[in-house]
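Student:
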Amino acid sequence: MAVTRGFVGRRPADSSRVPPGQYLTRDFPVLSAGPTPYTPLDTWDFTIRGTVDQPVSWSWPEFQALPHEKVTVDIHCVTKWTKLDTTWSGVSLDTLLDAAPPEASHTVAFCDGGYTTNVPLADLRGGKAWVVDEYDGRPLDPEHGGPARLLVPHLYFWKSAKWIRGLELRSTDQPGFWEMFGYHNYGDPWKEQRYQGD
Amino acid sequence: MQPLDGNAMAGVLHDLFARDITTMGYKCTGCGKTGPVVEMAVYASGPGTVARCRDCDTILLMITERRGMYCIDAPGMTQPILPPA
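Taken in sequence, the protein lines are chains R and L. For the working numbering, add 14 to where a residue sits in the first sequence, where the first one is 1. For the working numbering, add 9 to where a residue sits in the second sequence, where the first one is 1.
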């Protein structure tokens, strides 16, 4: 059995929206490195901590009260599938980060189940990232990262951390889970940055 | 998502070690559980293969393939026991 699945390319139908080496899928594959966490909403919170003046947390009701945006984006998994026009609803990282003005340049997303991934702070600002709690008009299913996941569609989808519980803001970079095991530190699908050294 | 068992890694482990590794014994550094590789909980759908302890979810083995090279890490597995080939 192959170690990794999905690394088989097929010719894309609309190449202008499909990064190099990717193929289009209408499915929404579930890829996971461990058991699916099921976090009760009455114990869920989202925290921004680290190099901030004061850490800040939102409970689920407080997170729901924040302004939500509906976004439609293309997503690109490092296992070579691309899904166009996915629809989500969530809170922009600009809103969350404004509540905790950072003095940092790097972030690490931390999640239920222990998953982490690192993203430069600049890649979470300027309307480029959200914490989403709905997919396709319905509450985000736990298999797809519910109750909430990070959404950073301009990077490979391993950066859109499922089951997110917060961001640690840092002045230095720290590789996350897949980054420590040889995947690219940044992960731009349009430069095909799948692995370290790409 | 339900995990597979260690048999999901049998092929690649045989390719790498030229023998059946699924019967190798190990001890989990997280909870001390002992058992054979075949009993590991294996998540093979992601960018890499992750084998976890069924009792405490500690990551026992990580296998990734990048540009034809296999990379193996065993962060949570200790005291491997393998009979002579």
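Don't be surprised by glycine CBs; every beta carbon is placed ideally from N, CA and C.
Cβ closer than 7 Å: which chain R residues qualify as neighbours of arginine 75 of chain L?
Tutor: For the purposes of this step, residue 75 of chain L is identified with residue 66 of the second sequence, where counting begins at 1. In chain order: Gly196 and Tyr209.
Student: Compute the beta-carbon to beta-carbon distance between alanine 19 of chain L and threonine 38 of chain L, rounded to the nearest angstrom, for a pair I have assumed lies under 8 Å.
Tutor: Here residue 19 of chain L is taken as the residue at index 10 of the second sequence, counted from 1. Here residue 38 of chain L is taken as the residue at index 29 of the second sequence, counted from 1. That belief does not hold up - the Cβ atoms of alanine 19 of chain L and threonine 38 of chain L are roughly 23 Å apart, past 8 Å.
Student: Looking only at its chain, what residues have a beta carbon closer than 8 Å to the beta carbon of leucine 56 of chain R, apart from the 5 residues adjacent to it on each side?
Tutor: Against the first sequence, residue 56 of chain R aligns to sequence position 42. Note that residue 56 of chain R is aspartate in the sequence shown here, rather than leucine. Hits under 8 Å: Trp74.
Student: Assuming contact is defined by CB atoms lying nearer than 7 Å, are arginine 163 of chain R and phenylalanine 124 of chain R in contact in what I supplied?
Tutor: Walking along the first sequence from the start, residue 163 of chain R turns up at place 149. Walking along the first sequence from the start, residue 124 of chain R turns up at place 110. Cβ atoms of arginine 163 of chain R and phenylalanine 124 of chain R: not closer than 7 Å.
Student: Does lysine 42 of chain L come out as helix, strand or coil in the three-state DSSP assignment?
Tutor: Within the second sequence, the letter at position 33 stands for residue 42 of chain L. Lysine 42 of chain L falls in the coil class under three-state DSSP.
Student: Taking glycine 20 of chain L as part of the alpha helix (DSSP H), name the residues at either end of that continuous run.
Tutor: Locating residue 20 of chain L in the second sequence gives position 11, counting from the first residue. Looking at the DSSP string, the run of the alpha helix (DSSP H) that includes glycine 20 of chain L is 19–26.
Student: Hey, is cysteine 80 of chain L's beta-carbon within less than 7 Å of any beta-carbon in chain R?
Tutor: Mapped onto the second sequence, residue 80 of chain L falls at position 71. Yes, because at least one Cβ of chain R sits closer than 7 Å to the Cβ of cysteine 80 of chain L.
Student: According to the neighbour-count rule (16 or more other Cβ atoms, all chains shown, within 10 Å of its Cβ), is leucine 25 of chain L buried or exposed?
Tutor: For this step, residue 25 of chain L is matched to residue 16 along the second sequence. Classification for leucine 25 of chain L: exposed.
Student: For aspartate 56 of chain R, does the three-state DSSP call read helix, strand or coil?
Tutor: Counting from 1 along the first sequence, the entry for residue 56 of chain R is found at position 42. Coil.
Student: Report yes or no: is there a C-beta of chain R within less than 7 Å of the C-beta of valine 46 of chain L?
Tutor: Sequence index remark: in the second sequence, residue 46 of chain L carries index 37 (1-based). For valine 46 of chain L, the answer is no, since every Cβ of chain R falls outside 7 Å of its Cβ.
Student: In chain order, what are the residue ranges of uninterrupted beta strand (DSSP E) at least 3 long that sit wholly in the stretch 63–123 of chain R?
Tutor: Runs of the beta strand (DSSP E) inside the stretch 63–123 of chain R: 70–73, 83–90 and 95–106.
Student: Which first and last residues belong to the alpha helix (DSSP H) in which glutamate 193 of chain R is found?
Tutor: Residue mapping note: residue 193 of chain R aligns to position 179 of the first sequence, counting from 1. Note, glutamate 193 of chain R: alpha helix (DSSP H), 191–194.
Student: With 16 as the cutoff for other CB atoms within 10 Å, does threonine 73 of chain L come out buried or exposed?
Tutor: Working through the second sequence from its first residue, we reach residue 73 of chain L at position 64. Buried, because 16 or more other Cβ atoms sit within 10 Å of the Cβ of threonine 73 of chain L.
Student: Label threonine 71 of chain L either buried or exposed according to how many other C-beta atoms from any shown protein chain fall within 10 Å of its C-beta, with 16 as the threshold for buried.
Tutor: Your numbering for residue 71 of chain L matches position 62 in the second sequence. Per the sequence shown, residue 71 of chain L should be read as methionine rather than threonine. Counting Cβ neighbours within 10 Å, methionine 71 of chain L comes out buried, since at least 16 surround it.
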